[in-house]
Amino acid sequence: MAKPQRRNAKPPGYKPGDIYSFKTSPFTEFSPSDTGRYAALKILHIGEIYTGIAVLDGIFDSHPSFEIASGLKCLINHRARFAEEPEPATRFINHCSDNDLLEFQYLGSVTLSYEDDTVFRQTKSFSGWISVSDTAEGEWRWTHDRETYEKEIELRTLASKKRFAAQRERYLNRLKKLTWEEFIKEKPFPNWDTHPPQPFIEVARNKIRDVAFEIQALGAKPKKADVRAALKACVEWFNAKDEEFGNVIETVEAENIFSVLEELTHLALQKSLVEEIDEWRDW
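So the mapping is simple: this note's numbering equals the position in the sequence shown, first residue as 1, plus 214.
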């Protein structure tokens, strides 16, 4: 894997100990458009690629004062977790990620404590800034408004399944008519906008174009081994770049990359290689 490089991330102006407040965003598209709730976070660490943050344990009807926010402990995540026991709501956020938290404002700064350091060392999650709001809002809803919250989650899941089915149908129809000329003319990953970071988007699009030309040059009926080699090298490139940029390939991006690679197997008349892609990828 490629070693993370400082050049791919510009450290933000935050400092360890800084405390910020923000307005929470609706948890789903089926939630009320204005939550009317505010939360806070603390900067725990500034590294070469990541900002380490803690979501603080408190929900307010307006921006909390520095005096109040500075006394808050880290929120404990009971609602959604990977471990068997509740975990501190901390995460790493890539420096390249745009801060899309609502009404984000600086409250003040404190000296980090031993407890802050202990919490930071438990950080396992990598995400974008909006996940900070999702954690604060989701945990509050799960505790105080669970029935409605769970109904909204069910509606979101159902809507997601319907969208996926419709997208898959459109995608299969697209494959039937897709040509090399059309594929190369199109812009890869057209839905990538604010995420992943722009530098990653640019190199990813260039890589897909390069691989497309490479496979097209193999001829009308390329050997399976040659196509496999080109695709595997491409997947390994994405593995390395994902690590280099700080694990920016999330669920949607992974699906997008997989779909593009599937299109390449289709154009190369080697559709059976789709099953091997999962074995090569780390994202």
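Every residue gets a Cβ at the ideal spot worked out from N, C-alpha and C, and that includes glycine.
Quickly, what does DSSP pair N308 with across the bridge? List them, please. Y264
Just list the residues that DSSP pairs E301 with in beta bridges. N291
Of the residues L432, T332, I307, the one placed nearest H409, counting alpha carbons only: Closest in C-alpha terms to H409, from the list L432, T332, I307, comes I307.
Does the separation of the CB atoms of V441 and L389 fall below 8 Å? Cβ atoms of V441 and L389: not closer than 8 Å.
Taking the alpha helix (DSSP H) that I429 belongs to, which residues open and close that run? Per DSSP, I429 is one residue of the alpha helix (DSSP H) stretching across 412-430.
Apart from the five residues on each side of it in sequence, which residues of its chain come closer than 6 Å, Cβ to Cβ, to S339? R305
Tell me whether D232 sits in a helix, a strand or coil according to DSSP, three-state version. strand
At the level of alpha carbons, what is the spacing between R499 and P411? Past the boundaries of the shown model lies residue 499; the chain is included only from 215 to 497, so the question cannot be answered.
From the DSSP output, which residues share a beta bridge with L270? The beta-bridge partner set that DSSP reports for L270 consists of C288.
For V449, collect the residues of the same chain with a Cβ closer than 8 Å to its Cβ; drop the 5 residues on either side in sequence, then sort them by chain order. L475, I491, W494, R495
Between which two residues does the alpha helix (DSSP H) harbouring F318 extend? Looking at the DSSP string, F318 is not in any alpha helix (DSSP H); the run it does join, the beta strand (DSSP E), is 316-323.
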